[in-house]
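Protein chains in written order, with the working numbering: chain A, 2 to 352; chain B, 2 to 352.
What follows is the structure, given as structure tokens:
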């Protein structure tokens, strides 16, 4: 029931800090003061945990993505309202859901709810699992031409009979709030160029570092995982901010050794508890993107969610770490809302 | 007169080796067996050298870019001829030169000569320094529409009154043989996507590693420099080949320490002799992209060319290293010819 314990722990000791810098503003800065005890399990990868919150100065700051995301959503709501009052425009997000995967339906529902909470208009198109690629392309084309829509999102994965690349490429670059278009990625990689949108999850990771005032410039950063959706763009973002970046992947021979050199670790590999305490440089800041279900007969649903980083080991060595859940997860949707607002502002030239 | 000495040295001990693998073929594999003696100069960065070629088993293999480029040009000439005979198509490269910079004129002349040597048709448009951006765009547009042109190259730098980004973006992505278009860079960065063209100099670096049968997969690679033209795409290419890549730049605090971990070093920073022997892991392979003129009263022109790596120190520690000149330099033009041929083949669906 670790995930519940995290949640309980997170609600116990929140303090409001004011962080310097024009774009920081007031943020919630929570110090997790949990006393962590490690219980080894049979699996080398598994690290079961038992947390009791108490005062322990050696514990890392728990980077509270839930609280930061809430702050960002509040900021967005203010901007959306200001835009509506000033020029009568409401940002609009269109979501295309193909098939009836339950997880996808849940994600889409959550995105719609998040839109509503900040005043962004959301439209949803549901297409049958066996619909044709042309039908999806037609929906995209309609939204590309619709001036009330500023962001278009095609919920992945698509049914296997469809060409994902072809479909994603059809989304107008000006409305590609997911930021996955190669032209956006190219601009992200190039000095002197700017992407129209930054992919949501990596943007959320960097935003957490900013909001917690973590210095990136000149620091060594390691990104574990090189997916198009998280690892690769996260590495490009860190590099844009002048970190010295190394990317670790399945072919890396000594990931532990390289990770131990990092001041900032972004783990996005989808391997439960892969990054152990011995991988971490004392004082490092850890952003854990992994959300992995592991069996837990004591949990209400028979499983619990853990990250790519063994939290209870890392917590003793790192200076700050995102919990799972409640770390990066809530930031992804907040960044989707942010990208939709940015798009509407750009299209309507609203500052 | 070090550069002359390099040339002399390179001509003394060439041996023809056959390297495994379908795309390797026969290559020239030259072992530089120079006895290297270091003479320190007043400048901490300068490392003057005196080479006498003799048998010394501890010296690195000199990666002979000149010979490899010659082999590649011969391969291209065969393909160009085969294409002409089979379908009557001659690959065509258009070069646009604006202004009268002497160095640019020399580069363009060399490119034209290289085209002629392999049977590629080259067209050149020269525009006055004070011509308008529209005139350049008009030339590009003509070549975009010209079916006999398969590659378009705008010689950089452009006069300061022009918007370089705007002009480069006007080149059709299908004819962007320089590979600098953000869409190409984006595809280069993404897994599961392929760029239409890979930028010439980084492509040349990787080709040298291939032709010398250097294993990249699973190796640690350090790229020094993060330019859009060399460093960044070189890092992306190494990553595509499953190296574990770190990028070092001006904000990196401990470049020496990080470089010393690398099995493969690509230096592209434009700092003469920056990478010293102490930076290099024994047995590393070094690709030196830098071509820096340094004062030398003994040289016929009063200067000589040196790389970013202090050759005479590196030569004792590395297992292989590209000389400057004669290393990466000749590869860049060879890769431009290769990209033009690839483009013609793709446009005419010729295998």
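The C-beta atom is built at its ideal place from N, Cα and C for all residues, glycine as well. Small disclaimer: the values here were computed from a predicted structure and weren't measured.
Residue range of the beta strand (DSSP E) that includes residue i
i, result
"residue 331 of chain B", "That residue, residue 331 of chain B, is in no beta strand (DSSP E); its alpha helix (DSSP H) goes 330 to 348."
"residue 127 of chain B", "122 to 128"
"residue 245 of chain A", "245 to 249"
"residue 98 of chain A", "93 to 99"
"residue 152 of chain A", "152 to 155"
"residue 296 of chain B", "293 to 296"
"residue 307 of chain B", "304 to 307"
"residue 69 of chain A", "Looking at the DSSP string, residue 69 of chain A is not in any beta strand (DSSP E); the run it does join, the alpha helix (DSSP H), is 66 to 88."
"residue 265 of chain B", "265 to 268"
"residue 407 of chain A", "As displayed, chain A neither begins before 2 nor continues past 352, which places residue 407 of chain A out of reach and without an answer."
Inter-residue CB distance, residue i and residue j (contact presumed, cutoff 8 Å)
i, j, result
"residue 286 of chain A", "residue 306 of chain A", "Not really, about 21 Å apart at Cβ, beyond 8 Å."
"residue 66 of chain A", "residue 327 of chain A", "6 Å"
"residue 106 of chain B", "residue 124 of chain B", "Not confirmed; about 16 Å, so no contact."
"residue 130 of chain B", "residue 89 of chain B", "That belief does not hold up - the Cβ atoms of residue 130 of chain B and residue 89 of chain B are roughly 39 Å apart, past 8 Å."
"residue 243 of chain B", "residue 218 of chain B", "4 Å"
"residue 344 of chain B", "residue 193 of chain B", "Going by Cβ atoms, the distance from residue 344 of chain B to residue 193 of chain B rounds to 22 Å, so no, they are not a contact pair."
"residue 245 of chain B", "residue 228 of chain A", "At roughly 16 Å, the Cβ-Cβ gap does not stay under 8 Å, so residue 245 of chain B and residue 228 of chain A are not in contact."
"residue 176 of chain A", "residue 145 of chain A", "7 Å"
"residue 209 of chain A", "residue 332 of chain A", "6 Å"
"residue 189 of chain A", "residue 234 of chain A", "6 Å"
Host alpha helix (DSSP H) of residue i (start-end)
i, result
"residue 188 of chain A", "183 to 190"
"residue 287 of chain B", "Note, residue 287 of chain B: premise wrong, no alpha helix (DSSP H); beta strand (DSSP E) at 286 to 289."
"residue 212 of chain B", "201 to 212"
"residue 300 of chain B", "Neither: residue 300 of chain B is in no alpha helix (DSSP H) and is coded neither H nor E."
"residue 232 of chain A", "232 to 241"
"residue 144 of chain A", "134 to 146"
"residue 255 of chain B", "Per DSSP, residue 255 of chain B belongs to no alpha helix (DSSP H) and is neither H nor E."
"residue 106 of chain A", "103 to 119"
Residue i: contacting residues in chain B (beta-carbon distance under 8 Å)
i, result
"residue 191 of chain A", "183, 186, 229 and 233"
"residue 218 of chain A", "252"
Backbone CA spacing between residue i and residue j [nearest angstrom]
i, j, result
"residue 223 of chain B", "residue 310 of chain B", "13 Å"
"residue 183 of chain A", "residue 349 of chain A", "24 Å"
"residue 276 of chain A", "residue 257 of chain A", "8 Å"
"residue 28 of chain B", "residue 71 of chain B", "Here residue 28 of chain B scores only 31 on pLDDT, less than 50, and its place in the model is too uncertain to base an answer on."
"residue 236 of chain A", "residue 274 of chain A", "21 Å"
"residue 118 of chain A", "residue 78 of chain A", "8 Å"
"residue 128 of chain A", "residue 161 of chain A", "14 Å"
"residue 238 of chain A", "residue 164 of chain A", "28 Å"
"residue 296 of chain A", "residue 213 of chain A", "32 Å"
"residue 134 of chain B", "residue 140 of chain B", "10 Å"
"residue 56 of chain B", "residue 166 of chain A", "Low confidence applies to residue 56 of chain B: its pLDDT is 38, below 50, so where it sits in the model is not reliable, and the reading given next is rough at best. Their Cα atoms are separated by approximately 56 Å."
"residue 335 of chain B", "residue 73 of chain B", "7 Å"
"residue 173 of chain A", "residue 155 of chain A", "12 Å"
"residue 322 of chain A", "residue 315 of chain A", "8 Å"
"residue 43 of chain A", "residue 298 of chain A", "Note that residue 43 of chain A has pLDDT 34, beneath the 50 cutoff, so the model's placement of it is unreliable and the number below is only indicative. The straight-line gap from Cα to Cα measures roughly 15 Å."
"residue 353 of chain A", "residue 308 of chain A", "Given a span of 2 to 352 for chain A in the structure shown, any question on residue 353 of chain A remains unanswerable."
"residue 414 of chain B", "residue 81 of chain A", "Nothing can be reported for residue 414 of chain B, as the shown portion of chain B is limited to 2 through 352."
"residue 168 of chain B", "residue 181 of chain B", "12 Å"
"residue 45 of chain A", "residue 318 of chain A", "Reliability of the predicted coordinates at residue 45 of chain A is poor, the pLDDT of 35 falling under 50, and the value obtained from them is presented with this limitation in mind. In a straight line, the C-alpha of residue 45 of chain A is about 20 Å away from that of residue 318 of chain A."
"residue 266 of chain A", "residue 340 of chain B", "38 Å"
"residue 1 of chain A", "residue 103 of chain B", "As displayed, chain A neither begins before 2 nor continues past 352, which places residue 1 of chain A out of reach and without an answer."
"residue 342 of chain A", "residue 63 of chain A", "28 Å"
"residue 1 of chain A", "residue 142 of chain A", "Nothing in the structure corresponds to residue 1 of chain A, since chain A is present only between 2 and 352."
"residue 351 of chain A", "residue 252 of chain A", "46 Å"
"residue 337 of chain A", "residue 279 of chain B", "47 Å"
"residue 60 of chain A", "residue 254 of chain A", "30 Å"
"residue 206 of chain A", "residue 288 of chain A", "7 Å"
Contact set between residue i and chain A, taken where Cβ atoms lie within less than 8 Å
i, result
"residue 246 of chain B", "247 and 248"
"residue 243 of chain B", "250 and 252"
heavy atom of the ligand GTP below 8 Å from residue i C-beta
i, result
"residue 137 of chain A", "The ligand GTP is absent from the structure shown, which contains no ligands of any kind."
Partners in chain B for residue i, counting only beta-carbon separations shorter than 7 Å
i, result
"residue 347 of chain A", "By Cβ distance, chain B contributes nothing, its closest Cβ being about 18 Å from residue 347 of chain A, past 7 Å."
"residue 194 of chain A", "183"
"residue 272 of chain A", "Within chain B, no residue comes near residue 272 of chain A; the closest Cβ sits about 17 Å away, beyond 7 Å."
Residue i: contacting residues in chain A (beta-carbon distance under 9 Å)
i, result
"residue 136 of chain B", "Neighbours of residue 136 of chain B on chain A: none; closest Cβ ~24 Å, over 9 Å."
Query - Contacting positions in the segment 248 to 266 of chain B - beta carbon closer than 9 Å to chain A - result: Those would be 248, 249, 250, 251, 252, 253, 254, 255, 256, 258, 259 and 262, in chain order.
Requested in this report: With 7 Å as the C-beta to C-beta threshold (strictly closer), list the residues of the segment 103 to 134 of chain A near chain B in chain order.
Outcome: Taking 7 Å as the cut-off between beta carbons, none of the residues of the segment 103 to 134 of chain A comes near chain B.
Report task. Residues of the segment 64 to 94 of chain A with a CB closer than 9 Å to any CB of chain B: list them in chain order, please. Result -> Closer than 9 Å at the C-beta level to chain B, one finds no residue of the segment 64 to 94 of chain A.
Query raised in the report: If you measure beta-carbon to beta-carbon, which residues of the segment 138 to 164 of chain A are closer than 8 Å to chain B?
Result: Listed in sequence order: no entries.
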